[in-house]
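Colleague:
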Amino acid sequence: MDSVNGKGKCGAEKAPEPAPARLNLEAVRERLREKRGPEFWRSLDELAATSEFQDLVHREFPRQASEWVDTADGVSRRRFLQLASASLALAGLTGCTKQPLEKIVPYVRQPEQVIPGKPLYFATALTFGGGYATGVLAESHLGRPTKIEGNPDHPASLGATDLFAQASILTLYDPERSQTLLQNGRASTWGAFTSQVAGRLNALQPTGGAGLRILTGSTTSPTLADQMQQLRTRFPAARWHRWEPAGRHQSQAAAVGAFGRPLETRYDFTRARVILAVGDALCEGGAGVRYARDFAEGRRGRGDRQEMSRVYAVESVPANLSSVADHRLQLAPAQVEAFVLALAQALGVAGGQVALPAEAQKWVQAVAQDLQQNRGASLVVGDEYLSPAAQVLIHGINQALGNSGVTVSYQEPVEVDPVDQVRSITELVADMNAGQVELLLILDGANPVYTAPADLAFAQALQKVPLRVHHGLYQDETSVYCHWHIPATHELESWGDARSFDGTVSLIQPLIDPLYDGKSIYEVVAAMLGKADATGYDVVRQYWTPRLPGLAAGLEQLSKDTAGSGGITTALGMGGFSGDSGFSGMVGASGAGAPGANGAASPSPGVGMPANQGLGTQGGANLPGQSTPGGAQGSGDLGSESTIAGSSAQGGPATGPAAGVTGAGATAGGNAFETAWRRALHAGLIPATASRPAAAAVNGGAVQESARRIAETAGRFQPGQITLVLRPDPTIWDGRFASNAWLQELPKPILKLVWDNALVVSPGTAQRLGVEYHDVVTLTAGNRTQRVAVWILPGVADDTALLTLGYGRQHAGKGTGQGFNAYPLRTTQALWTAPGVKIEKTGDRYILVNTQNHHVIGLYNVNEDEEASEEAAKRHVIRHTTLERFRQDPEVIQKEREKPDYKNMTMYGNHPYEGHKWGMVIDLNVCTGCSACVVACQSENNIPSVGKEQVQKGREMHWLRIDRYFGGDLDAPSIHNQPLPCMQCENAPCEVVCPVAATAHSDEGLNDMVYNRCVGTRYCSNNCPYKVRRFNFLRYAPKAEETPVLTLAQNPDVTVRMRGVMEKCTYCVQRIEQAKIESKVERRPIPANWLQTACQQACPTHAITFGDLNDEQWEVRKWHDDPLNYGLIEEINTRPRTTYLAKLRNPNPALEPAGGAEGAEHGHA
Amino acid sequence: MQTFHRSSNVIARVSIFGAIFFLAFLGWVMASLFNSSYASGQDVFKRQPVPFSHEHHVQGLGIDCRYCHTSVEKSSFAGLPPTETCMNCHKQIWTNADLLEPIRASYRTGEPIEWTRVHDLPDYVYFNHSVHVAKGIGCATCHGEVDKMPLMFQKASLQMQWCLDCHRDPSKNVRPREEVFNLNWQPPADPQEAQALRARLTKEYDVKSLMSCSTCHR
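Here the protein sequences come in this chain order: W and C.
Every letter in the first sequence is one number past the one before it in my numbering, and letter 687, counting from 1, is 699.
Every letter in the second sequence is one number past the one before it in my numbering, and letter 182, counting from 1, is 220.
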């Protein structure tokens, strides 16, 4: 059948498969009641046992995935055979092709430290979600960055990264990036731009710049703050507006309400024994990676698992944290707020009574009691999306529980000049409409035409501005309305600085010259200040010249630390050849659990600059004596800077222009600065710049007022009235990553949609509305209507409809036309939730692509033999137990395991595995399903993106997938994530069926995959019970002849696979081999825990451990022998080398009596 | 009545047997072609921008391999000297030689010299120089006596068969580490002594036969 696309944008997209059958939800509920089928289920299709799902279980790929249906008319079977035999006949000849002559091109002058064949790592920072920095190490191969790793020394990273950081490599090389400076759509020059703007600015000078407006997102950059200050000095009447679509609007409002000023909240999950997460607790304020790490610390179980944190999740839509929570409660948004109020009441923070459903009432009692019992060691986290009133109550609750100063602290804002952004953009629009704006600069990728609240009608107002300038990575919805468009530099191409969630400053250094002649925001603002030729390097250095030497003490300390153990670490310990000191540093680090420090490399990697920029050519020109007066001016004027200046002894506020500094003083200062600058670049951060906790007391009046307001809203709540919930998209955020194919194709955590968003509703709501998967509905909020397709997800609260931001873009490179635009439904009054929306069926369908049923592990056949089906259902893909049960019997999981007698169960003889024996353990207890590992794997292993249509055919190429399961009640399920790389079976079914021995067992237990040997029979994939093998049905790898720039992103240590070749995870064998070679060259063993796979390194929660099972010093060995360890479907004697740690839950007996719900189900063990 | 003439039998037999011979012959042609220097590039001189003589520089002047191939002990890639390395000497000597004009031009303009690769493995093979050097495999083992090559050519076939020949039994090519860069080193003449040396070095350097696919293919 044809897919009828509501918007007609993707009309060309055909649905090659029959549309999914209608689900019978009643039958599903019936099955669940009778407890037939599996304990955990992947989707409603599985529960309903639809024939499509059955098919997927049995097939290696979905039907038609293997057929040639990519051309419009398709290819008949007969024609296919003809072509195949012709290919076969000619194939022998291709083997005779002579290798072409290749050129080899050495440097003219080889840069210091560059060793061809060995990557360098540079410490820098990337900023997301409000400009907060994450410290990263960028891997550079001969001047081209290819991979991002976390900076272990950086507080926001601790060595891990999120998926956005991983994917930034692809954004850098995105061929869709804007490449030319445009004036009215025609190519122009920077000189033409600056002269026109300078003229306009001169005209504005007499009025003090009235009419000059700048619009950016949130920023934390001290240098930019300083530049803005200078701009204000020159143009006192100019205004700087801010609009960060997914910024901290409501958190800030709540802080102002509760504390009287916009304090930022910081959490310490490590000290919390009881955590109540209201909403998406791990996503707050640019600290998601760090919080996840801290959370996992407490969750992993202290003291041989005698104690672990207890986590309650209360939410409307499932967040990542809820998959590791002990209890989750789904409530409609208004009821979540009522729950917070009820909790506040139960804890005596607020008075009165609020009505709640019985289940929620029970929760309030239980949670309140638990929190009370853990005063000072509990933590209530509310996310940005809660109303300011509810967040004020949460501040009050934390204070009442004595958590302030322990698990919760407050700090002066890291964000530069935090303003009420909704007001800021509203005023801008009002002024534009009033004709008061002469010149508007929209900088740093801000895209207000697309993202501004719909009630402001930004685009109409914008057109009243006489001169409009847009600066961004892409030509987007806003740039088409602007006279000028300036291509921006990516953060990996530009100098800059930024602060992390805790205030720590990082310098941002370029890894490569700008690919497309872009300009950074610093350069554009410098041009406004009359310095059109200033480079970002000049600007940032000038700002830090008077300030950095004062912070040198901390840097010196850090560089000492680095020389010892810990310190700057790299994945592969590059540069480790330079002597034994490097090696001893690594050993030292291994004890501390860090991956290899490399003292010997200090301070070199940080100072060298990539590409053709040498410090020698630029460094000398920037001594303080030569800096322009503006460079050091006004350093003390800025609020956010006080923490930096304050912590330095000598770097206090400069009283006047620094040009007065002369002679010997300047030289000495220059040297001190140069040293400090190099150290800061090398370390990736400036220590001792973190904010100190601020004293804060919650305003009692504000709490009472908030309670009253919530009670009022809760009183208006009517069941059956649907609330629209808007959220930033988990993969493309507010739309800024729409052109990033890695992020578009990443199955969204929990939801598992790719390339689209959708209106996500619960099964109950879908049933009530009579809508189905793929149905297009009209969604009406107030007087605004949008057509969207529906997706059904268990775990969403009833009467709630989730729509993520960032889709439905008109100008977004590869993201153009994908999904449905949520911004037209977003108004200044309803940023994140809009109650009382209407949903009406249109009768149209739009095919959404979801991977939830791809690669099903087929253990049961629910339709056939009842007895066999029951037997199969006991085979748990996800094993779990409770802390209580585990304490009574630590062997509880081991007793459940159905591990066959390995010794006598192979025809081929057992492998000896002398030397290394690589293995991996994945801790299901801390995996939040965030999917950073999937993108890390993609980046490390040159895994291509294939596009929506190919994913629909089940041809996605991710080597590592995260399977999501639901358990329990359809209307309030538990959620489970299971990362699934290749199991590297010791008794691998794939190896024995390959007719050309292209997949073979290595001496160390890897299932090697030899791409150049593979002829594409796909027998291996057919025989893989875990379905981890991926086949290149087409030539998916970037084509050098079409998009040469994408080939720059590829890892030179991994083969780029061609069409017709099978591929799969090999535990990052290139890293293993590299480590082995280094150890051999340096004549020492591989230090324990030194070698990490890409997924492991990226993982914020340390859920993945990899290493040598033959060596007791490796952490992986400990987890492999752990009582919670089990293998996935190990009863079929595959002997998986990748094993899992069972989920350990710590339920509250008040909410789940021992032997209750899931416990009983599991009781047969 | 017969449809076919009696001679058809002969033709049929000849064709059937002939086909077998023809296929075998075709196989032989293909195999020879595959193993020929035409396909492997063995022993073939390649035109270079400058006719650089290893014989002159190594044997004549006694320059160590590592003076130019600086990363051979550190990296997978042995390293090709930047123009600057050539100019270290040729700033002083042969400053006007016509043959060296491309070098001087490169130094002047900053445009690198484009050499033609002599030893060129397929992209799916990950060979690492540093580990071979560390294990006592001499340069000459694979590259031949470079000091006797006025123009560079590929001495070995560099085919997988050739790699495996050594990987199956690497001890036969092990030499003392200090002799790795000595292109003229010979094992002791006495077979027993040579055998003893090989055995000792194999043990001392922990030389193993690595036959897993992922040793070279990733």
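All residues carry an ideal CB built from backbone N, CA and C; glycine is no exception.
Which partner residues does I317 of chain C have in the DSSP bridge list?
Modeller: Only positions 39 to 256 of chain C appear in the structure, and residue 317 of chain C is not among them; the question remains open.
Colleague: Since G129 of chain W meets chain C, which of its residues come closer than 7 angstroms, beta carbon to beta carbon?
Modeller: Chain C residues near G129 of chain W: S109, S113, S114 and F115.
Colleague: Can you round the beta-carbon distance between R976 of chain W and K764 of chain W to whole angstroms, since I take them to be within the 8 angstroms contact cut?
Modeller: 6 angstroms
Colleague: Give me, in chain order, the residues of the same chain whose beta-carbon lies closer than 6 angstroms to that of L452 of chain W; leave out the 5 immediate sequence neighbours on both sides.
Modeller: R225, V477 and R480
Colleague: State yes or no: is the C-beta of F191 of chain C within less than 9 angstroms of the C-beta of K112 of chain C?
Modeller: Contact annotation: F191 of chain C and K112 of chain C have beta-carbon atoms that are not nearer than 9 angstroms.
Colleague: Between G259 of chain W and S230 of chain W, which are expected to be in contact by the criterion C-beta below 8 angstroms, what is the C-beta distance as a whole number of angstroms?
Modeller: Confirmed, Cβ separation roughly 5 angstroms.
Colleague: Is there at least one Cβ from chain C nearer than 9 angstroms to D525 of chain W's Cβ?
Modeller: It does not: the Cβ of D525 of chain W has no partner Cβ on chain C nearer than 9 angstroms.
Colleague: Going along the chain, which residues of its own chain have a beta-carbon closer than 8 angstroms to the beta-carbon of N1024 of chain W, five neighbours each way excluded?
Modeller: T1067
Colleague: Check the DSSP bridge columns for L132 of chain W and list the partner residues they point to.
Modeller: Bridge partners of L132 of chain W: W:S152.
Colleague: For the alpha helix (DSSP H) that R437 of chain W lies in, which residues bound it at each end?
Modeller: For clarity, residue 437 of chain W is Ile in the given sequence; the question names Arg instead. Q433 to N445 is the extent of the alpha helix (DSSP H) around I437 of chain W.
Colleague: Quick one: which chain C residues come within Cβ less than 7 angstroms of V1022 of chain W?
Modeller: C251 and H255
Colleague: Which of helix, strand or coil does DSSP assign to E189 of chain W?
Modeller: It is worth fixing the name first, because residue 189 of chain W is Arg in this sequence and not Glu. In the structure shown, the three-state DSSP call for R189 of chain W is coil.
Colleague: With which residues is M68 of chain C paired in a DSSP beta bridge?
Modeller: For M68 of chain C, which the question treats as bridged, DSSP gives no partner whatsoever.
Colleague: Is there a Cβ from chain W that is less than 9 angstroms from the Cβ of Q96 of chain C?
Modeller: Here the sequence assigns Val to residue 96 of chain C, which means Gln is not the residue at that position. V96 of chain C does not count as touching chain W.
Colleague: Quick check: the Cα distance between V288 of chain W and R305 of chain W, rounded to an integer number of angstroms?
Modeller: Looking at the sequence itself, residue 288 of chain W is Leu, so the reference to Val does not match. The alpha-carbon atoms of L288 of chain W and R305 of chain W are separated by roughly 17 angstroms.
Colleague: Below 7 angstroms CB to CB, which residues in the same chain sit around S1180 of chain W once its five sequence neighbours on both sides are set aside?
Modeller: Within the shown structure, residues of chain W are numbered from 13 to 1177, placing residue 1180 of chain W beyond reach of any answer.
Colleague: Which residue's Cα is closest to the Cα of G508 of chain W: W:E1124, W:S532 and W:Q241?
Modeller: W:S532
Colleague: Starting from the C-beta of A661 of chain W, find all residues in its chain whose C-beta is less than 7 angstroms away, skip the five residues before and the five after it, and write them out in chain order.
Modeller: Caution applies to A661 of chain W, whose pLDDT of 31 falls short of 50 and renders its modelled position unreliable; the value that the coordinates give is listed next. If we look at A661 of chain W and ignore the five residues flanking it on each side, its Cβ neighbours are G562.
Colleague: Short of 7 angstroms in beta carbon distance, which residues of its chain neighbour A137 of chain W, apart from the five on each side in sequence? Order them along the chain.
Modeller: A145, T146, G147, V148, A510, S518, I520 and G696
Colleague: T154 of chain C touches chain B at which residues, Cβ-Cβ below 7 angstroms?
Modeller: No chain B appears in this structure, whose protein chains are W and C.
Colleague: Just to confirm, is the Cβ distance from N163 of chain W to A135 of chain W under 9 angstroms?
Modeller: Annotated as proximal: N163 of chain W and A135 of chain W, with beta-carbon spacing under 9 angstroms.
Colleague: Taking 9 angstroms as the threshold (C-beta atoms), are T1146 of chain W and D935 of chain W in contact?
Modeller: no
Colleague: What residues from the stretch 119-132 of chain C come within 7 angstroms of chain W, judged by C-beta to C-beta, listed N to C?
Modeller: Under the 7 angstroms Cβ criterion, the stretch 119-132 of chain C contributes P119, P120, T121 and E122.
Colleague: Taking C-alpha atoms, which residue in W:I987, W:L1060, W:D983 and W:M1070 lies nearest to V1022 of chain W?
Modeller: W:M1070
Colleague: Use the C-beta contact count for F63 of chain C: other C-beta atoms within 10 angstroms, 16 or more gives buried, fewer gives exposed.
Modeller: exposed
Colleague: Thinking C-beta only, is V1057 of chain W closer than 9 angstroms to A179 of chain W?
Modeller: Not closer than 9 angstroms, so no.
Colleague: Can you find a C-beta in chain W that's less than 9 angstroms from the C-beta of P150 of chain C?
Modeller: yes
Colleague: Could you list the residues in the stretch 162-176 of chain C with a C-beta less than 9 angstroms from some C-beta on chain W, going in chain order?
Modeller: Y162, V163, Y164, N166, H167, S168, V169, V171, A172 and K173
Colleague: Between which two residues does the alpha helix (DSSP H) containing G259 of chain W stretch?
Modeller: No alpha helix (DSSP H) holds G259 of chain W; DSSP gives it neither H nor E.
Colleague: Tell me the DSSP secondary structure of L137 of chain C in three-state form.
Modeller: helix
Colleague: In the DSSP assignment, what are the bridge partners of H694 of chain W?
Modeller: According to DSSP, which records beta bridges pairwise, H694 of chain W is partnered with nothing at all.
Colleague: Could you check if K960 of chain W is buried or exposed, using at least 16 other CB atoms within 10 Å of its CB as the buried criterion?
Modeller: buried
Colleague: Can you list the residues of chain C that W1053 of chain W reaches, using a CB-CB cut of under 7 angstroms?
Modeller: The question names Trp, but residue 1053 of chain W is Glu in the sequence shown. Within 7 angstroms Cβ-Cβ: nothing; E1053 of chain W doesn't reach chain C, min ~16 angstroms.
Colleague: Closer than 9 angstroms, CB to CB, is N1158 of chain W near chain C or not?
Modeller: False, the Cβ-Cβ gap to chain C never drops below 9 angstroms.
Colleague: For chain W, find out if any of its Cβ atoms is closer than 9 angstroms to the Cβ of A62 of chain C; answer yes or no.
Modeller: Taking CB atoms only, A62 of chain C has no neighbour in chain W less than 9 angstroms away.
Colleague: Check D746 of chain W in the structure and name its three-state DSSP category.
Modeller: coil
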